[in-house]
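Some notes on the structure that comes next.
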Amino acid sequence: MSKVFVTGGTGYIGSHTVLELLRNGHEVVVMDNLSNSSAESLNRVKALTGISVPFYQADLLDKEAMSAIFAEHTFESVVHFAGLKAVGESVEKPLWYYKNNITGTLNLLEVMQENRVKNLVFSSSCTVYGEPDKVPISEDAPLSAVNPYGQTKLTIEYILRDLFQADQDWNMAILRYFNPVGADQSGTMGEDPNGIPNNLMPYVTQVAVGHLPYLRVFGNDYPTQDGTGIRDYIHVTDLALGHLKAIETLRLSPGLIRCNLGTGNGYSVLDVVKAFETASGVAIPYQFMPRRAGDAAAAYADPTLAETLLGWRAERDLEQMCKDSWKWQVNNPNGYS
Ligand code: NAD
Ligand code: UFG
Numbered sequence: 001m002s003k004v005f006v007t008g009g010t011g012y013i014g015s016h017t018v019l020e021l022l023r024n025g026h027e028v029v030v031m032d033n034l035s036n037s038s039a040e041s042l043n044r045v046k047a048l049t050g051i052s053v054p055f056y057q058a059d060l061l062d063k064e065a066m067s068a069i070f071a072e073h074t075f076e077s078v079v080h081f082a083g084l085k086a087v088g089e090s091v092e093k094p095l096w097y098y099k100n101n102i103t104g105t106l107n108l109l110e111v112m113q114e115n116r117v118k119n120l121v122f123s124s125s126c127t128v129y130g131e132p133d134k135v136p137i138s139e140d141a142p143l144s145a146v147n148p149y150g151q152t153k154l155t156i157e158y159i160l161r162d163l164f165q166a167d168q169d170w171n172m173a174i175l176r177y178f179n180p181v182g183a184d185q186s187g188t189m190g191e192d193p194n195g196i197p198n199n200l201m202p203y204v205t206q207v208a209v210g211h212l213p214y215l216r217v218f219g220n221d222y223p224t225q226d227g228t229g230i231r232d233y234i235h236v237t238d239l240a241l242g243h244l245k246a247i248e249t250l251r252l253s254p255g256l257i258r259c260n261l262g263t264g265n266g267y268s269v270l271d272v273v274k275a276f277e278t279a280s281g282v283a284i285p286y287q288f289m290p291r292r293a294g295d296a297a298a299a300y301a302d303p304t305l306a307e308t309l310l311g312w313r314a315e316r317d318l319e320q321m322c323k324d325s326w327k328w329q330v331n332n333p334n335g336y337s
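Residue numbers (this note's numbering): 1 to 337.
Now the structure itself:
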């Protein structure tokens, strides 16, 4: 099988993708600057697979360090997860986000080009649809950015489009993730956010484990069935498997593809709370709060293009997502530390 270079491979989605790549016979090399993750995730990967993945603690902004890695290995493809992802922080520190995500990606693309490695899978986000005017969201929906983080994703999508137009030897899959949650079924790997979580599922699991007193539900006056926001939660293992399908697809039918990775199902905040309570047996106290700035009422994917192009479909339901998130949190109340 092929040798895959994974940037951001110690992070939440990256580490789960590394695990699935190894389980499916790929050889993997990981780089990450550990700014938002721990190398312990790769120890957990080793415990599950018996494979010790070569790991480079390096920064995308350090082009020489990246070139040195490419000089040591012959990669068939690159899966590019590395980047900063907190929306609020991106509003406070836009220059840092643009530099890290965009300059970092430009460095990676240059090093790939210099080494004639031209197969890339890129982590984009449904944030590129801005405030969607209709759901489900298909790939031809209008694109816009409503914060600097989203602008970095959109800009990188445009850079990849222009690069492909200039040189069609490139093969690229731009994957627009909806809301990744859950954890490997083993309960030994999962999401380990720094500080108080921004996202719903890790917040819920931290309430369940007693680290936080109650969930703040942001808005109960949206035009949805129970007034709370609707999202398309996708199990991180399904998401990881989507990357394997993308690598295979680029090999069989080269080109540039963009597709959503979501389930196509929309669940409200209260649906998630109920499903989590059922899966864990733990009650989640919550209080309604005002809407959070910038949140859409509803965002869920039209997942048909991924099925057509990649032969991929999400298989795990909300109950499984909650069970696996809970198993990870209860076995690792302090995450990887
Ligand atoms: P994560 O923070 O767990 O992983 C990202 C990794 O990139 C981290 O390990 C971090 O240390 C590393 N990193 C950041 N800047 C770097 C740099 N300059 N050099 C080297 N490493 C660097 O986040 P995640 O949830 O696993 O997200 C992975 C990718 O998916 C990101 O690009 C993110 O924007 C995208 N994405 C995430 C979500 C989500 O909700 N989790 C949704 C859509 C898209
Ligand atoms: N929510 C709460 N309480 C919380 C956290 C979230 O009620 O403590 C609600 C939100 O208002 C929203 C839903 O739960 O209705 C989901 O919120 P998340 O923060 O988990 O996810 P978002 O859809 O807001 O954002 C995620 C990523 C962003 C990315 C976006 C689109 O965090 O980085 O998906 O990809 F831009």
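From the three backbone atoms N, C-alpha and C, an ideal C-beta is built for every residue, glycine too.
C-beta atoms of residue i and residue j nearer than 8 Å
| i | j | result |
| --- | --- | --- |
| V28 | L22 | yes |
| G264 | D232 | yes |
| L175 | S138 | no |
| D295 | G219 | yes |
| I13 | A240 | yes |
| M31 | A58 | yes |
| K245 | L310 | yes |
| I234 | A297 | no |
| V217 | F288 | yes |
| L163 | V128 | no |
| L120 | H80 | yes |
| Y214 | Y286 | yes |
| A183 | W328 | yes |
| G130 | N198 | no |
beta-carbon residue i near the ligand NAD non-hydrogen atom, thresh 7 Å
| i | result |
| --- | --- |
| A82 | yes |
| G294 | no |
| N332 | no |
| P180 | yes |
| D232 | no |
| K85 | yes |
| L61 | yes |
| G210 | no |
| Y12 | yes |
| D133 | no |
| D226 | no |
Between the CA atoms of residue j and residue i - distance to the nearest angstrom
| i | j | result |
| --- | --- | --- |
| W96 | P193 | 19 Å |
| I284 | V78 | 40 Å |
| G342 | P136 | An answer regarding residue 342 cannot be provided, because it is not within the stretch 1 to 337 covered by the chain. |
| F276 | G210 | 15 Å |
| T105 | V117 | 14 Å |
| N179 | T152 | 18 Å |
| G83 | D226 | 34 Å |
| S38 | K93 | 23 Å |
| L252 | K274 | 42 Å |
| I196 | W170 | 40 Å |
| N100 | K3 | 25 Å |
| T74 | N115 | 9 Å |
| P290 | I102 | 33 Å |
| A301 | A86 | 21 Å |
| T224 | G266 | 10 Å |
| N260 | D140 | 11 Å |
| Q113 | G25 | 26 Å |
| P132 | A47 | 42 Å |
Below-8 Å beta-carbon distance, residue i vs any chain C residue
| i | result |
| --- | --- |
| P303 | Protein chains in the displayed structure number just one, and chain C is not present. |
Check: residue i C-beta below 7 Å from any heavy atom of the ligand UFG
| i | result |
| --- | --- |
| R44 | no |
| L200 | yes |
| Y203 | yes |
| V269 | yes |
| Y177 | yes |
| V273 | no |
| G229 | yes |
| T152 | no |
| V217 | yes |
| Y98 | no |
| C259 | no |
| S144 | no |
| S125 | yes |
Rounded Cβ spacing between residue i and residue j (contact assumed at less than 8 Å)
| i | j | result |
| --- | --- | --- |
| V181 | V236 | 7 Å |
| T205 | S325 | 5 Å |
| Y177 | C126 | 7 Å |
| T7 | L108 | 6 Å |
| V111 | M66 | 5 Å |
| E307 | R316 | Incorrect: roughly 16 Å between the Cβ atoms, too far for contact. |
| V269 | L200 | 6 Å |
Residues of its chain near residue i, where Cβ-Cβ distance is below 8 Å and the 5 sequence neighbours each way are ignored
| i | result |
| --- | --- |
| V45 | S15, V18, L19, L22, I51, V53, M189 |
| L61 | K99, N100, T103, G104, N107 |
Same chain, Cβ closer than 6 Å to residue i, five either side skipped, listed in chain order
| i | result |
| --- | --- |
| S90 | Y97, N147, P148, Y149 |
| A343 | Nothing about residue 343 can be read from this structure; the chain reaches only from 1 to 337. |
| H243 | T17, V79, V121 |
| F5 | V29, F75, V78 |
| L256 | F164, M172 |
7 Å Cβ shell around residue i - same chain, five flanking residues per side excluded
| i | result |
| --- | --- |
| A41 | Per the sequence presented here, residue 41 reads as Ser, with Ala not at that position. Counting only Cβ-Cβ distances below 7 Å, and skipping sequence neighbours, we find T10, S15, M189, Y336. |
| P333 | V209 |
Closer than 7 Å: residue i CB and nearest the ligand FMN heavy atom
| i | result |
| --- | --- |
| D32 | Among the ligands in the structure shown, the ligand FMN does not appear; only the ligand NAD and the ligand UFG can be found there. |
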